[in-house]
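If you read the sequence shown in my numbering, its first letter stands for residue 356, the second for the next number, and so on. We put the CB at the ideal spot given by N, CA and C, even for glycine. This one's a predicted model, so the numbers in the text were calculated from it and none came from an experiment.
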Amino acid sequence: MLDDLSDTQDHRPWRGTRPLRLDAVTHLTPLVRASGLADPRELYDELEAQWGEVAPVELEPGVPAWLVMGQRLVYDIMRNEHVFATDPQLWNGHARGGLSRTSGLRPVLTSHQRFSANHADGALRQRLRVPLDDAFEQLSEPLTAAKVRSFCNLLIDRFEDRGRADLMLEYASVIPLLVVADMIGLDPEDGQRLFDLTRRMAGGGTDSADAVHEMDRMLGDLVAVRREHPRRDLASSLVAHPNMRDDVEVTHTLLAVAYSGNLTLTAWVAQTLLLTLADARFSGRLHGGRIDLDSAMDEVLWRSTPTIHSLPRFARQDVVLDDKLVAAGDPLVLAIHAANTDPRMDTGDPWDHVGSRAHVSFGTGPHACPAPRTARVIARIAVETVLRRLEVVLRIPAADVTWDRSLWMRQPVSIPVTFPVRVEKATPAEQA
Numbered sequence: 356m357l358d359d360l361s362d363t364q365d366h367r368p369w370r371g372t373r374p375l376r377l378d379a380v381t382h383l384t385p386l387v388r389a390s391g392l393a394d395p396r397e398l399y400d401e402l403e404a405q406w407g408e409v410a411p412v413e414l415e416p417g418v419p420a421w422l423v424m425g426q427r428l429v430y431d432i433m434r435n436e437h438v439f440a441t442d443p444q445l446w447n448g449h450a451r452g453g454l455s456r457t458s459g460l461r462p463v464l465t466s467h468q469r470f471s472a473n474h475a476d477g478a479l480r481q482r483l484r485v486p487l488d489d490a491f492e493q494l495s496e497p498l499t500a501a502k503v504r505s506f507c508n509l510l511i512d513r514f515e516d517r518g519r520a521d522l523m524l525e526y527a528s529v530i531p532l533l534v535v536a537d538m539i540g541l542d543p544e545d546g547q548r549l550f551d552l553t554r555r556m557a558g559g560g561t562d563s564a565d566a567v568h569e570m571d572r573m574l575g576d577l578v579a580v581r582r583e584h585p586r587r588d589l590a591s592s593l594v595a596h597p598n599m600r601d602d603v604e605v606t607h608t609l610l611a612v613a614y615s616g617n618l619t620l621t622a623w624v625a626q627t628l629l630l631t632l633a634d635a636r637f638s639g640r641l642h643g644g645r646i647d648l649d650s651a652m653d654e655v656l657w658r659s660t661p662t663i664h665s666l667p668r669f670a671r672q673d674v675v676l677d678d679k680l681v682a683a684g685d686p687l688v689l690a691i692h693a694a695n696t697d698p699r700m701d702t703g704d705p706w707d708h709v710g711s712r713a714h715v716s717f718g719t720g721p722h723a724c725p726a727p728r729t730a731r732v733i734a735r736i737a738v739e740t741v742l743r744r745l746e747v748v749l750r751i752p753a754a755d756v757t758w759d760r761s762l763w764m765r766q767p768v769s770i771p772v773t774f775p776v777r778v779e780k781a782t783p784a785e786q787a
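Given below as structure tokens:
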């Protein structure tokens, strides 16, 4: 495996006499630049021209990492937890003093053990992953779909008489709040609080670590209640599972679901809505009901994936990748967007991606997404409902859409739209 990983293309932009070390590079490119670009491929091409498929970047000032952009390397690293672990306790930066108290990366590069499958490897990951897979398997898809439609219609009712809306702020970012909270077992009020904490955690602000602690307390309270009063929700399923040894493991697992569910669904719904409104291939078919939403959703996953970068993996040992010496404990961020749009894998045939779901947007290997089907059901209904009920038109040129600057997610800041307001006809009695 290690020989395969180091055996990359013969003509590399960077060719030194010895492998490049991460701590030997200065003036690093801030990775956050990628998500704010109209096309992140612009930054990846710039980095590859200088460094090759693996490039040194900066997660925040003073925190370097390797960015892996080649599709084949991304696949190999995702599948090899024996060499590339997800446990941030392995980060070699802890030995150099770690992060400042105000660092927005503290939830990502924590020195504390998190007992959830996405932050564990090997036997621990296997034990914690089974309850999660079982819990999603037990979810009723028809019931989930019915609840999603109800939430979607409720939100549209709030702005349909206005003739304009921001589908990002008033719709795409609210649907996951309601759906994920209900799925976990929270009421809407606590769901709003959970959503706000998730945003603080992902935003990379100075209070991101505090948001994690607050989420732990909130979800820990829910777990304690469900242990005494179980219901048909994910919290109850996890509490009852024999693989879960204590409430801390259940709490940490629920936080991982809330984090990824809220952020990924928001970005997927928002980008699919934007694509169907801005791309002539789809917008011309909106009003005739002939649009293939699954094709639009897959187009987003291929060309503008919601999860633009993975959370870091950490090398368990020194390994050479693309003429770079990845030292034990070095963080590697997998550029999911770059892998899906890797020009080395482009055959030039536009039909290759039609109906294909061979992207890495849901990951692969032992840490692949546990609920891609559930996510698709939710996202599809969210997009379908608003397009069915309203004849929405994007209020600004697609080129003027601004993108949120985030290390991990790609989504528009705003989706301003207009639509005709339905005029209710008066009854004969009212006319008289």
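Could you pull the start and end residues of the alpha helix (DSSP H) that residue i belongs to?
| i | result |
| --- | --- |
| Pro543 | Pro543 to Ala557 |
| Leu656 | Leu648 to Arg658 |
| Val605 | Asp602 to Ala633 |
| Gly477 | Gly477 to Gln493 |
| Gln426 | Gln426 to Arg434 |
Which of the three DSSP states, helix, strand or coil, is assigned to residue i?
| i | result |
| --- | --- |
| Trp446 | coil |
| His788 | Missing from the structure shown is residue 788; the chain here goes from 356 to 787 and no further. |
| Phe506 | helix |
| Leu386 | coil |
| Met764 | strand |
| Thr441 | coil |
| Arg798 | Nothing about residue 798 can be reported from this structure: the residues present for the chain run from 356 to 787 only. |
| Thr308 | Since the displayed the chain opens at 356 and closes at 787, residue 308 lies outside it and no answer follows. |
| Thr773 | strand |
| Val818 | Since the first and last residues shown for the chain are 356 and 787, residue 818 lies out of range. |
| Arg376 | strand |
| Phe669 | strand |
| Pro698 | helix |
| Val681 | strand |
| Ala726 | coil |
| Pro395 | coil |
| Ala713 | coil |
| Val529 | coil |
| Val675 | strand |
| Leu589 | helix |
| Leu402 | helix |
| Ala749 | As written in the sequence, residue 749 is Leu, which differs from the Ala given in the question. Residue state, collapsed to three classes: strand. |
| Ser599 | A quick correction: the sequence has Met, not Ser, at residue 599. Correct three-state label for Met599: coil. |
| Leu742 | helix |
| Arg461 | coil |
Comparing alpha-carbon positions, which option in the options lies nearest residue i?
| i | options | result |
| --- | --- | --- |
| Ile309 | Trp758, Val776, Leu762 and Met764 | What the structure shows of the chain is the stretch from 356 to 787, and residue 309 is not part of that stretch, so it cannot be assessed. |
| Phe439 | Leu762, Leu666 and Thr773 | Leu666 |
| Arg586 | Ser505, Ser466 and Leu541 | Leu541 |
| Leu630 | Met652, Glu583 and Leu392 | Met652 |
| Asp394 | Thr696, Ala633 and Thr621 | Thr696 |
| Tyr430 | Ala730, Pro721 and Arg760 | Pro721 |
| Arg505 | Asp488, Glu492, Val772 and Tyr526 | Arg is not the amino acid found at residue 505; the sequence shown has Ser there. Among Asp488, Glu492, Val772 and Tyr526, the Cα nearest to that of Ser505 is on Tyr526. |
| His607 | Thr381, Ala590 and Glu515 | Ala590 |
| Pro752 | Leu632, Pro686, Pro725 and Ile663 | Leu632 |
| Ala694 | Ala566, Glu415, Gly718 and Arg671 | Gly718 |
| Leu386 | His664, Ser659, Leu510 and Arg743 | His664 |
| Gly559 | Arg461, Pro661, Ile736 and Ala420 | Arg461 |
| Gly407 | Pro416, His714 and Leu428 | Leu428 |
Could you give the residue range of the beta strand (DSSP E) that holds residue i?
| i | result |
| --- | --- |
| Glu413 | Val409 to Glu415 |
| Pro686 | Pro686 to Leu689 |
| Ala420 | Val418 to Val423 |
| Val567 | Unbroken run through Val567 is the alpha helix (DSSP H), Ser563 to Glu583; no beta strand (DSSP E). |
Look at the alpha carbon of residue i and the alpha carbon of residue j, and state the distance between them as a whole number of angstroms.
| i | j | result |
| --- | --- | --- |
| Ala490 | Trp657 | 28 Å |
| Arg388 | Pro727 | 28 Å |
| Asn598 | Leu422 | 35 Å |
| Ala723 | Leu593 | 19 Å |
| Asp521 | Asn447 | 43 Å |
| Leu464 | Leu577 | 26 Å |
| Arg582 | Gly477 | 28 Å |
| Val612 | Val741 | 25 Å |
| Gly425 | Val409 | 8 Å |
| Met523 | Thr621 | 8 Å |
| Glu397 | Asp551 | 32 Å |
| Pro698 | Tyr399 | 11 Å |
| Arg308 | Arg482 | Any question about residue 308 goes unanswered here, given that the chain covers just 356 to 787. |
| Val529 | Gln766 | 14 Å |
| Arg777 | Leu745 | 9 Å |
| Met556 | Asp565 | 8 Å |
| Val756 | Val768 | 8 Å |
| Gly459 | Val534 | 27 Å |
| Val418 | Leu574 | 30 Å |
| Arg456 | Ile736 | 41 Å |
| Trp706 | Glu604 | Residue confidence for Trp706 is low, a pLDDT of 47 falling below 50, so the modelled location carries little weight; the figure read from the coordinates is stated next. Cα to Cα, the separation comes out at about 44 Å. |
| Leu618 | Ala501 | 22 Å |
Are at least three pairs of beta-carbons, each pair with one atom in the segment 376–392 and one in the segment 678–688, less than 8 Å apart?
yes
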